[in-house]
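Residue numbers (this note's numbering), protein chains in the order written: chain B, 1 to 322; chain R, 323 to 685. All C-beta atoms in this analysis are idealised placements derived from N, C-alpha and C, irrespective of residue type, glycine included.
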Amino acid sequence: MTEPTQRTTFPAQGNRIKIADKLFGAATFFGAAFLMVVVLVIAYQLVTGSWAEVGKDGTAFFTGSDWNASAEKYGALPTIWGTLLTSLIAILFGGLTGVAISAYLVELAPKWLFKPVSFLVDLLAAIPSIIFGLWGREELVPYLRKGVYPELKSVFGWTGWFGTENSPIVGNGILTAGLVLGVMIIPTVAAVTREMLLVVPKTMRDGSLALGSNKTEALIKVQIPYAIGGILGGLILGLGRALGETMAVTMLIGNNPVLSKDLLGPGATLASLIATNFADATNNTRTALIGLGLVLFCFTLAINVLARYLVRRVRQRSGLSA
Amino acid sequence: MKLSQSTLGLVAFLALASVLSGCGSSGSTPGDNGPGGPSASNDGGSVDVKGSSFVKPFLDNVFADYAQTSKFTVNYAGGGSGAGIQALIDGTVPFACSDAPMNDDETAKAKSGKPGEVLHVPIVLGTVAVVYNLPDVTAQLKFDAATLSAIFQGKVTKWNDPMIVALNAGVTLPDLPIAPVVRADSSGTTYVFTDYLSAADAGWKSTLGVGKEVSWPNTVRREQKNDGVAKGIKDTPGGIGYIELSYSKEGKIPYALIKNADGQFVAPEPEGATAAADKTPLPEGMKGSIVNGPGATTYPISSYVFALLPADMSKDANGAKVVDAIKYVVTTGQSKAAELYYAPLPKSVQDKATAQLAKIKVK
């Protein structure tokens with residue numbers, strides 16, 4: 001997000017240096033161009049690959065609430081709903097936790113704790129998603145089924161968001177998938193927040209403390225607002241990961257593309273439906289699944305554009321240079 | 323500052339990864355359909371075939387035997403009935419295998435496409451077991467079509483529902499919610515199960531109907547493949563679902579007895595499928611279903627697996643060899659069926675299958 005600094009040229013550069021620079025420049029140009037071509041080709045193929053179905057159904061493809069490949073009914077709404085719902089839960093849970101971890105580490109924790117905990121948080125980012133899926137399935141689901149969800153249902157069941165009258169408490173479902181996604185995005189959010197808090201000028205914090213605020217006030221009223229652009233960027237990066245995550249979600253969400261607000265019940269996300277059905281899909285179903293891929297692609301694209309916009313706006317408003 | 327730089331690198335990596343993972347899942351290619359089984363090193367040549375994954379263990383075993391005597395190798399890649407039929411229509415495989423007979427749409431596409439007219443040849447029989455997880459119930463449960471239909475429509479939601487209690491006199495059933503688990507992928511097993519419920523229960527036929535995939539109610543969990551469903555049921559007290567017999571046996575998940583058309587409760591053992599095939603003759607063209615058939619020992623959720631072959635294979639250099647390989651499967655190969663939890667074809671069906679193979683034009 002930082003613009004490259006002004007390049008300086010030196011008139012006395014020799015021929016040898018010029019050739020080396022040209023070669024190196026060409027190599028890096030191809031690297032950059034390759035990435036752009038890949039993204040454009042993917043976008044193009046998603047559109048052409050899905051157009052037969054998306055073009056035919058039009059808006060019905062996005063608003064249809066029934067996905068039944070055998071009946072050739074392709075409504076993407078349940079999976080869009082599932083994707084947004086799980087990502088929202090992930091951001092609420094993982095985002096808050098991630099910001100809290102970093103605030104604690106940077107400001108409140110004893111110095112010796114900083115390195116080991118930072119290391120652990122970064123390590124979390126390196127764990128493959130299938131491990132999260134296995135852990136969720138083998139350890140978390142039984143625990144939630146026995147210990148947490150029955151309570152949740154008996155207290156909040158009346159809202160319709162936590163179980164319906166006769167619904168079984170299985171343990172997997174939208175909420176479980178969202179919670180595990182939350183854990184998965186903690187390192188992204190925590191790492192970005194930590195770096196952003198670390199670059200807040202020490203004078204800001206010291207000034208605040210000198211004016212009589214305590215550490216908490218300095219953190220909430222001065223340091224976090226100063227770093228908020230970056231923190232928002234981190235949250236949105238996390239959201240990007242949550243939207244596209246496939247393996248762990250497939251193992252935990254129950255894979256039933258239904259439009260339901262029961263968070264303890266099953267659902268499906270764009271990515272999970274593609275994963276469970278693409279391998280043996282034929283004809284129109286394959287086309288429709290590529291259509292889901294297109295929706296997901298647009299979501300991730302929109303998220304990244306939004307992230308850049310937000311970061312820029314927040315920085316401009318607070319009058320800070322990047 | 324060193325630390326913060328390396329972490330910024332990590333952040334950049336995560337950003338890239340999150341973008342790529344968004345694209346990757348949509349741009350991925352279908353599952354690994356590469357040839358399995360023995361390599362094509364035998365002198366007599368080889369063909370690669372796709373189709374029903376249910377029948378793969380059986381065919382792998384039988385085709386391996388066949389390759390030893392004939393030196394002709396058939397690599398059966400599985401991949402699903404639907405994928406097999408699609409490959410047959412596209413002309414990328416010489417034949418395919420499917421749990422469900424081809425529907426009208428597929429038949430029309432084949433006719434105008436590469437294979438032309440396609441013949442159905444039954445190659446083996448299988449049963450679909452209804453399995454459940456009730457930790458405190460040791461007795462074997464019994465179900466009929468009406469009860470299963472109500473459970474999988476989400477109308478019967480507790481294990482001590484009067485409908486289940488009435489079928490299982492003397493068994494103490496818990497006050498536990500029922501958690502149905504079904505297939506997430508397009509599945510021949512789902513086709514056979516819903517075919518049975520449609521045949522035996524009018525209410526099912528008019529609502530969810532028959533298909534490799536149907537619109538399941540809101541509370542139903544869906545898992546991938548037979549082993550995913552088996553695991554889902556094993557993990558969930560109160561779970562119920564349908565899987566191929568071998569997964570019930572190997573996963574040691576208890577199966578239920580199902581009431582057949584004659585009013586008897588029958589286990590999903592291979593004999594039940596052979597009885598079903600014996601009592602329900604296939605129509606001309608051999609394209610048919612044997613669910614909910616008559617006979618006291620008939621298991622009602624039984625089905626054929628079909629080999630789908632073009633009626634005219636005279637342009638295929640391997641045509642005669644392929645037909646001979648299938649002939650081996652429907653005759654000598656049948657002795658392998660029972661040990662792998664499939665049911666052998668009754669002698670009468672073997673003869674009809676051989677006659678059907680004789681109709682195929684080869685070079």
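Using a beta-carbon distance below 8 Å, is residue i in contact with chain R?
i, result
"Gly94 of chain B", "no"
"Asn284 of chain B", "no"
"Ala69 of chain B", "yes"
"Ser260 of chain B", "yes"
"Arg312 of chain B", "no"
"Val47 of chain B", "no"
"Ala281 of chain B", "yes"
"Ser167 of chain B", "yes"
"Val155 of chain B", "no"
"Asp66 of chain B", "yes"
"Val170 of chain B", "yes"
"Gly265 of chain B", "yes"
"Thr28 of chain B", "no"
"Arg308 of chain B", "no"
"Thr97 of chain B", "no"
How would you call residue i, buried or exposed, if buried means at least 16 neighbouring beta carbons within 10 angstroms?
i, result
"Cys298 of chain B", "exposed"
"Ala488 of chain R", "exposed"
"Lys685 of chain R", "exposed"
"Trp112 of chain B", "exposed"
"Phe36 of chain B", "Note that residue 36 of chain B corresponds to Met in the displayed sequence, not to Phe. Flag for Met36 of chain B reads exposed."
"Thr63 of chain B", "exposed"
"Thr351 of chain R", "Summary for Thr351 of chain R: the model assigns pLDDT 35, below 50, so the residue's position carries little reliability; its value from the coordinates is reported in the next sentence. The residue is exposed, with fewer than 16 neighbouring Cβ atoms inside 10 Å."
"Ser636 of chain R", "exposed"
"Ala659 of chain R", "buried"
"Thr541 of chain R", "buried"
"Val514 of chain R", "buried"
Which same chain residues, not among the five before or five after residue i, have their C-beta less than 8 Å away from its C-beta?
i, result
"Val117 of chain B", "Ile101, Leu105 and Ala109"
"Pro423 of chain R", "His442, Lys609, Gly610, Ser611 and Phe628"
"Val371 of chain R", "Val396, Asn397, Tyr398, Ala399, Gly406, Val415, Pro416, Phe417, Ala418 and Cys419"
"Asp497 of chain R", "Lys480, Trp481 and Asn482"
"Thr676 of chain R", "Lys649, Val652 and Thr653"
"Ser87 of chain B", "Gly178, Leu181, Leu239, Ala242 and Leu243"
Hey, quick one: how far does the beta strand (DSSP E) through residue i stretch, first residue to last?
i, result
"Tyr398 of chain R", "Thr395 to Gly401"
"Thr449 of chain R", "Val440 to Tyr454"
"Arg544 of chain R", "Arg543 to Glu545"
"Arg505 of chain R", "Ala501 to Arg505"
"Gly373 of chain R", "Ser368 to Gly373"
Determine whether the Cβ of residue i lies closer than 8 Å to any Cβ atom of chain B.
i, result
"Pro499 of chain R", "yes"
"Thr541 of chain R", "yes"
"Val536 of chain R", "yes"
"Gln546 of chain R", "yes"
"Asp458 of chain R", "no"
"Gln672 of chain R", "no"
"Lys527 of chain R", "no"
"Gly404 of chain R", "yes"
"Gly367 of chain R", "no"
Would you say the beta carbon of residue i is closer than 7 Å to some non-hydrogen atom of the ligand NAP?
i, result
"Asp673 of chain R", "For the ligand NAP, the structure offers nothing, since it holds no ligand at all."
Leaving out the 5 sequence neighbours to the left and right, which residues in its chain are closer than 6 Å to residue i when beta-carbon positions are compared?
i, result
"Thr287 of chain B", "Ser50, Ala52 and Glu53"
"Ala522 of chain R", "Ala467 and Asn614"
"Ala583 of chain R", "Asn614 and Pro616"
"Leu294 of chain B", "Leu46 and Ser50"
"Asn490 of chain R", "Leu463 and Lys464"
"Gln586 of chain R", "Ala618"
Along the chain, where does the alpha helix (DSSP H) that runs through residue i open and close?
i, result
"Val627 of chain R", "That residue, Val627 of chain R, is in no alpha helix (DSSP H); its beta strand (DSSP E) goes Ser624 to Pro632."
"Lys111 of chain B", "Lys111 to Ala126"
"Ile562 of chain R", "Careful: Ile562 of chain R lies outside any alpha helix (DSSP H), inside the beta strand (DSSP E) at Gly561 to Glu566."
"Gly331 of chain B", "The question about residue 331 of chain B has no answer, for chain B in this structure spans 1 to 322."
"Ser471 of chain R", "Ala467 to Phe474"
"Ile253 of chain B", "Ile253 of chain B -> no alpha helix (DSSP H), and no H or E assigned at all."
Run down chain C in chain order and give the residues with a C-beta less than 9 Å from the C-beta of residue i.
i, result
"Val613 of chain R", "Of the protein chains in the structure, B and R, none is chain C."
Between which residues of its own chain and residue i is the CB-CB distance below 7 Å, once the five residues before and five after are set aside?
i, result
"Gly240 of chain B", "Thr300, Ile303 and Asn304"
"Thr276 of chain B", "Thr250 and Asn255"
"Gly147 of chain B", "none"
Next item on the list: Anything in the segment 173 to 191 of chain B with a Cβ closer than 7 Å to a Cβ of chain R? List those residues in chain order, please.
Entry: Thr188 and Ala191
Item checked: Contacting positions in the segment 556 to 567 of chain R - beta carbon closer than 9 Å to chain B -> Asp557, Thr558, Pro559, Gly560 and Gly561
Checklist line | Near-chain B residues of the segment 472 to 483 of chain R - C-beta to any C-beta below 9 Å | finding: Gly476, Thr479 and Lys480
Notebook entry, point to check: Taking Cβ-Cβ distances below 8 Å as the criterion, which residues of the segment 243 to 256 of chain B are in contact with chain R?
Noted result: Leu243, Gly244, Glu245, Thr246, Thr250, Gly254, Asn255 and Asn256
Next item on the list: Note down, in chain order, all residues in the segment 492 to 518 of chain R with a beta-carbon under 7 Å from any beta-carbon belonging to chain B.
Entry: Pro499, Ile500, Ala501, Ala506, Asp507 and Ser508
Next item on the list: Report the residues of the segment 74 to 89 of chain B with a CB closer than 8 Å to any CB of chain R, ordered along the chain.
Entry: none
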